[in-house]
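Heads up: the structure comes next, in structure tokens.
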Amino acid sequence: MLELYKAIADCDPNKRNMVATVIDGEALGQKALFSDGLLICETKGSGYFSGHAETVWNVASDKDQCKKGLITLDGRRIYCDWLGQDIHLVICGAGHVSIPVIQIGLMMGCEVTVLEDRPQFADNARRAGATTVICESFEQGLSQVEGSSNTYFVIVTRGHRYDQTCLELIAGKKHAYIGMIGSRARVAKVKETALLNGCDKSVLDQLYSPIGLSINAETPVEIGVAIMAEIIEVKNKKMRSSGYSKDILHAILKPEEKTGRNVLVTIVARKGSAPREVGTKMLVTPEGRCIGTIGGGCMESEVLQIAFQMLRSDSEKSQLFHVDMTGTDAEEEGMVCGGVIDVLLEVI
Numbered sequence: 081m082l083e084l085y086k087a088i089a090d091c092d093p094n095k096r097n098m099v100a101t102v103i104d105g106e107a108l109g110q111k112a113l114f115s116d117g118l119l120i121c122e123t124k125g126s127g128y129f130s131g132h133a134e135t136v137w138n139v140a141s142d143k144d145q146c147k148k149g150l151i152t153l154d155g156r157r158i159y160c161d162w163l164g165q166d167i168h169l170v171i172c173g174a175g176h177v178s179i180p181v182i183q184i185g186l187m188m189g190c191e192v193t194v195l196e197d198r199p200q201f202a203d204n205a206r207r208a209g210a211t212t213v214i215c216e217s218f219e220q221g222l223s224q225v226e227g228s229s230n231t232y233f234v235i236v237t238r239g240h241r242y243d244q245t246c247l248e249l250i251a252g253k254k255h256a257y258i259g260m261i262g263s264r265a266r267v268a269k270v271k272e273t274a275l276l277n278g279c280d281k282s283v284l285d286q287l288y289s290p291i292g293l294s295i296n297a298e299t300p301v302e303i304g305v306a307i308m309a310e311i312i313e314v315k316n317k318k319m320r321s322s323g324y325s326k327d328i329l330h331a332i333l334k335p336e337e338k339t340g341r342n343v344l345v346t347i348v349a350r351k352g353s354a355p356r357e358v359g360t361k362m363l364v365t366p367e368g369r370c371i372g373t374i375g376g377g378c379m380e381s382e383v384l385q386i387a388f389q390m391l392r393s394d395s396e397k398s399q400l401f402h403v404d405m406t407g408t409d410a411e412e413e414g415m416v417c418g419g420v421i422d423v424l425l426e427v428i
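Residue numbering for the sequence shown is 81 to 428, as defined by our numbering.
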């Protein structure tokens, strides 16, 4: 089992990666990791996947068939978890708008890199908690940022000539999102110059500017909220999630820090107004500590009781737990969301 999670941690973020898990029948809990259509590894006893690897990948890749992450093959329900790495948020400029963007990004679990050539403003970014602050020219700073399919660039510098520099350098990097602050006229001029300087028109056409969702934002905090809301929207439109957080993988893969078994909890099906989406994960450690949440409240408390029982048991068997947050019983417990979820609990 640990070999599979090591492989997940080492996945190339620029490839399409998926973990397939059988969620019913005798094969409940069997898992396999796929990357760009290739079967990378599977858990012991998961011979089913090696015999059906191409079919599993093809059906899982079909958006019409893989609804809400579930497919059915040979009478087995298989949960298909499309993986993404944690967001790397790269902010060019550390002015007033940048500070709430940094703070919200950190709340979302992003790695946040800030580029700023003014020492005083760079210090403000450090105080806001940015993961990395590079206080050099924007040219030098961006030369240290590789870019990837999970890198989100936010250009909020103090002037259009700096925007010009940043946009032209970023346009040549792999990215998930490029957003730039500024008026329509200013942005149009920067894009026109970037095109004349050899930037790819298809990249410039995808520039998010004016940056942020249209919510009539005025203050720096409101603009920061609008920017991060747009980034969330772009992220969630992709057929991938960041189900295995760095914290969860760290807890699973650091045996020197373990005093027993973990239980991984995953929402594998959802209907109605449930609090969290399919793919949401929570790790319950041997000490009873929770890394992540599947929605809190009475529902999570009930799932935790099952997880604690599994921690105390010698059984390695996975369990699928059905939570119905509708009806009289749910109302009496204060479970007002009104949805239904299936939760997979796995011993690791």
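Glycine is no exception: its CB is placed at the ideal position from the N, C-alpha and C atoms. If you're wondering where the values come from, they're calculated on a predicted model, not measured in any experiment.
Determine, using beta-carbon pairs with one atom in the region 418 to 425 and one in the region 123 to 134, whether at least three such pairs fall under 8 Å.
no
Taking all protein chains shown into account, decide if THR135 is buried (16 or more other Cβ within 10 angstroms of its Cβ) or exposed.
exposed
With distances taken between CB atoms, is the gap from SER398 to GLU426 smaller than 8 Å?
yes
Is the distance from the Cβ of GLY375 to the Cβ of ALA354 below 8 Å?
yes
Does DSSP put CYS215 in a helix, a strand or coil?
coil
Please report the straight-line C-alpha distance between ILE347 and GLY209, rounded to a whole angstrom.
31 Å
Mind the definition here: the region 184 to 196 touches the region 165 to 174 only if three or more C-beta pairs lie below 8 Å; say whether that holds.
yes
Shorter than 7 Å, the distance from the beta carbon of MET187 to the closest heavy atom of the ligand FAD, or not?
The model depicted lacks the ligand FAD and carries no ligand whatsoever.
Give the straight-line distance between the Cα atoms of GLY185 and GLY278, rounded to the nearest whole angstrom.
32 Å
First and last residue of the alpha helix (DSSP H) that includes THR135?
133 to 141
Between the CA atoms of ARG341 and MET415 - distance to the nearest angstrom:
Any reading at MET415 needs caution, since the residue's pLDDT is 48, under 50, leaving its predicted position unreliable; the model's value is listed next. In a straight line, the C-alpha of MET415 is about 30 Å away from that of ARG341.
Within 10 angstroms of its Cβ, does THR408 collect 16 or more other Cβ (buried), or is it exposed?
No answer about THR408 holds up, because its pLDDT of 46 lies below 50 and its placement is not dependable.
Can you tell me which residues form a DSSP beta bridge with GLN399?
LEU425
For CYS91 and LEU163, the rounded distance between their alpha carbons:
9 Å
Which residue marks the beginning of the alpha helix (DSSP H) containing CYS246, and which one marks its end?
240 to 250
Is it a yes or a no for the region 378 to 392 touching the region 301 to 310, going by three-plus beta-carbon pairs under 8 Å?
no
VAL314 by DSSP, collapsed to three states: which one?
helix
Distance check for GLU106 and LEU400, CA to CA, integer angstroms please.
12 Å
Classify MET98 as helix, strand or coil using the three-state DSSP reduction.
strand
How big is the Cα-Cα spacing for VAL99 and GLN385?
26 Å
Contact check, VAL345 vs VAL383, beta carbons under 8 Å:
yes
Which of the three DSSP states is assigned to PRO290 in this structure?
coil
Would you decide whether ILE295 is buried or exposed? Buried here means 16 or more other CB atoms lie within 10 Å of its CB.
exposed
By the three-class DSSP mapping on this structure, what secondary structure does TYR324 have?
coil
Starting from GLY434, trace the alpha helix (DSSP H) in both directions and tell me its first and last residue.
Since the first residue shown for the chain is 81 and the last is 428, residue 434 is missing from the structure and cannot be characterised.
Starting from LYS351, trace the alpha helix (DSSP H) both ways and give me its first and last residue.
Careful: LYS351 lies outside any alpha helix (DSSP H), inside the beta strand (DSSP E) at 343 to 351.
Starting from CYS121, follow the beta strand (DSSP E) in both directions and report where the run begins and ends.
118 to 122
Identify every residue that forms a DSSP beta bridge with ALA112.
ALA100 and GLU122
Sub-8 Å separation of VAL192 and ILE182 beta-carbons
yes
Pull up the distance between the alpha-carbon of ALA202 and that of ILE261, whole angstroms please.
19 Å
In DSSP terms, what LEU363 is bridged to
LEU344 and ILE371
Which residues does DSSP pair with ASP404 in a beta bridge?
VAL420
Checking 8 Å against the spacing of the C-beta atoms, do ALA37 and VAL305 come in under that value?
The requested residue 37 is not part of the displayed model; the chain covers only 81 to 428.
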